[in-house]
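Each residue of the sequence shown is one higher than the last, beginning at 1472 in this note's numbering. What follows is a set of notes on a single structure, which appears directly below.
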Amino acid sequence: MERQAERQAVQQAVQQAKEAFLSGRTRPLEFRLQQLQSLQRMITEKETEIATALKQDINRSQYDTPLLELIGIDNEIKLAIEKLAEWAARRPVEKTLLTLSDEVYVQPEPLGVVLIIGAWNYPWAVTLLPLVGAIAAGNAAVVKPSELSEHSSLLLRALLPRYLDMDLYPVVTGGVSETQELLRLRFDHIFFTGSSTVGKVVMEAAARHLTPVTLELGGKSPAYIDKNCNVTVACRRITWGKFINCGQTCIAPDYILCEPCIQGRVVECLRQTLLVKLTRQEFYGPDPKCSPDYGRIINQRHFTRVMGLMEGYAPVLGGQSDASQRYIAPTVLKDVPPHSRLMQEEIFGPLLPIVTVSDMDDAISFINEREKPLALYIFCSDKKAVNRMMEATTSGGVTVNDVMMHYSLNSLPFGGVGHSGMGRYHGKHTFDQLSHHKACMVRSLAMEHVNLARYPPQDRRRARRARMALKSPLIDMSKRTLVWAVVATVLGCGLFITLLIILLIAAGLNCTCWYWRGFYN
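Pasting the structure below:
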């Protein structure tokens, strides 16, 4: 009976969202703006409660929550509010000779009802950032936060109906059974953030309904350190990106690639960054377990999994653990074999292996022999070498001489490639990802003589005219609009051809005399 009640609750939430969307109230931009402003108000007013929930879930520092999640959400909402009218407007496109007098444009329109399945490591950012785009694009959205971040999930379920339209944006909580029930139903788009394993399940379920998907997955993102760069700075930035959130970040540097001659130096720089005071600051001090800035593994299952990856290795730094607190110290391992278990799966924890390569070319080969990563980090002062590595590898994103910062810029698309995901989001990219771009052409019933060449019965002369028209170049209508208006008016009137050719050449447009002669002969 309980299972049946859960299924009915899920089905009812989805049905309500569909009916609310079909009512048309998401279409006006004013409604979308109002919902975005309400969401922004929620983030501002409930920052303390959100920080408390994250402290309970993963021991997140109260100072890290705004930096890692809430500021990014607020920036995303501000951008959407500012740019919504521009994003949702018609987008004129280039024309051809046959469509000069037509109105042709791309019209973004809502997809319908979107399913957003969030993740537990950044439960607010990876759930609400897609929601911002879904609202801006005029969709309804069913929100499914991860059950593993239990306190954040329950808080989101309590807060969202207070600020947003509860029919259009319902929150479905629960575990695997609720997610399976959602995936059994039909949506217009599914946006999933999580592991590649679950991503395959989501894609398989979506395929049954031909539902498009955005999969934000993960993978093993390498950090290559060139021997001639500033190793101290490189290690400090890698240390921050690797161990923040206790290593539970999809774009954290998963492992380091460097030449054997600097491996010892890399280890020492990592040690100094973690344990020694730098500019009157410490990362986590002599005992990270006592640091308010160091997190915990999300649950016991993941704790056991991460600890299992260390079996058979003697850490050169860290390695301490406490199962009762799900604590694993920042840990560095060197001389890790490329085919070890540690190098076969995404670590998603505070373990940092170092793999040695002979040079940059060897590092490129190492990366290309494996699945395409979500992010690639290159620490190198030689621009030519950096460009060579960027051109020779494929990854979802690249940051040079830092880690993870490309995620913070919402003008850049964020997403994976191949095994690390598909689709992209952030800023306008989310709006476009969750919109249908409808091709529109509006023609007049006048000037029918222009179309005669395409109608039967065909002969050589008509075929030549049709061929010349179809092979015409694309014309940018944003320039020389007046000239093209004249062209559209007198098209087909041979008296004006010479004058038009002169005008076109004078206007600097790429139309040759032979082309026009061929069309009208």
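Glycine is no exception: its CB is placed at the ideal position from the N, C-alpha and C atoms.
DSSP on residue 1850, reduced to helix/strand/coil? strand
Minimum C-alpha distance to residue 1659 - residue among 1605, 1703, 1727 and 1545: 1605
Taking all protein chains shown into account, decide if residue 1927 is buried (16 or more other Cβ within 10 angstroms of its Cβ) or exposed. Burial is judged here by how many other beta carbons sit within 10 angstroms of a residue's own beta carbon; residue 1927 has fewer than 16 and is exposed.
If I measure Cβ to Cβ from residue 1573 and keep anything under 6 angstroms in the same chain, skipping five residues before and after, which residues do I get? Counting only Cβ-Cβ distances below 6 angstroms, and skipping sequence neighbours, we find 1912 and 1914.
Once you ignore the five residues that flank residue 1612 on each side, which residues in its own chain have a CB closer than 6 angstroms to its CB? 1585, 1587, 1602, 1605 and 1640
By Cβ distance below 7 angstroms, which residues in the same chain neighbour residue 1710 in space, the five residues on each side in sequence not counted? 1741, 1744, 1745 and 1754
With a CB to CB cut of under 7 angstroms and the five nearest residues on each side skipped, what residues in its chain are close to residue 1677? 1661 and 1684
Return the Cβ separation of residue 1724 and residue 1712 in integer angstroms, given the expectation that the two are a contact with Cβ distance under 8 angstroms. Taking C-beta atoms under 8 angstroms as the contact rule, residue 1724 and residue 1712 qualify, at a distance of about 5 angstroms.
Residue nearest to residue 1873 in terms of C-alpha spacing, selected from 1887, 1591, 1847 and 1615: 1847
Using only alpha-carbon positions, find the residue among 1589, 1597 and 1557 that is nearest to residue 1579. If you compare the alpha carbons of 1589, 1597 and 1557 with that of residue 1579, the shortest gap goes to 1557.
Which class does residue 1660 belong to by DSSP, given the choice of helix, strand or coil? strand
Buried/exposed call for residue 1826, threshold 16 Cβ in 10 Å: Buried is the call here.
Can you give the Cα-Cα distance for residue 1821 and residue 1647, rounded to whole angstroms? 26 angstroms
I need the straight-line Cα distance from residue 1638 to residue 1791, nearest angstrom please. 48 angstroms
Separation of residue 1904 from residue 1916, as counted between CA atoms: 35 angstroms
Within 10 angstroms of the Cβ of residue 1894, are there 16 or more other Cβ atoms? Answer buried if so, exposed if not. The residue is buried, with at least 16 neighbouring Cβ atoms inside 10 Å.
Around the C-beta of residue 1992, are 16 or more other C-beta atoms found within 10 angstroms, so that it is buried, or is it exposed? With a pLDDT of 43 at residue 1992, under the threshold of 50, the modelled position of that residue is not reliable, and the figure given next carries that caveat. Label assigned to residue 1992: exposed.
Tell me the rounded alpha-carbon separation between residue 1691 and residue 1814. 8 angstroms
Does residue 1878 come out as helix, strand or coil in the three-state DSSP assignment? helix
Taking contact to mean at least 3 C-beta pairs separated by less than 8 angstroms, is the region 1625 to 1634 in contact with the region 1698 to 1706? no
Simplified DSSP assignment, three categories, for residue 1606: helix
Given residue 1545 as reference, the closest of 1565, 1528, 1520 and 1596 once Cα atoms are compared: 1596
Residue 1835 versus 1730, 1767, 1483 and 1932, residue with shortest Cα-Cα distance: Closest option to residue 1835, Cα to Cα, is 1730.
Which of the three DSSP states, helix, strand or coil, is assigned to residue 1729? strand
Alpha-carbon to alpha-carbon, residue 1479 and residue 1486: So the alpha carbons of these two residues sit roughly 10 angstroms apart.
Residue 1684 in three-state terms, based on DSSP: If DSSP states are grouped into helix, strand and coil, residue 1684 belongs with the strands.
Which same chain residues end up closer than 8 angstroms to residue 1565 when comparing Cβ atoms and leaving out the 5 residues on each side of it in sequence? If we look at residue 1565 and ignore the five residues flanking it on each side, its Cβ neighbours are 1945, 1946, 1947 and 1948.
Beta-bridge partners of residue 1885, as assigned by DSSP: 1896
Which residue from 1831, 1798, 1866 and 1881 puts its Cα closest to that of residue 1887? 1866
Answer yes or no: do residue 1593 and residue 1539 have a C-beta to C-beta separation smaller than 8 angstroms? yes
If the criterion is Cβ atoms closer than 8 angstroms, does the pair residue 1619 and residue 1644 meet it? no
Beta-carbon spacing of residue 1823, residue 1727 below 8 angstroms: yes
Length-filtered (3 minimum) beta strand (DSSP E) runs lying within the region 1742 to 1821: 1802 to 1804
Three-state secondary structure assigned by DSSP to residue 1827: strand
How long is the line joining the alpha carbons of residue 1751 and residue 1757, rounded to whole angstroms? The predicted model places residue 1751 with a pLDDT of 44, which falls under 50 and marks its position as unreliable, so this point remains unresolved.
Here's the rule I'm using: 16 or more other beta-carbon atoms within 10 Å means buried, otherwise exposed. How should residue 1536 be labelled? buried
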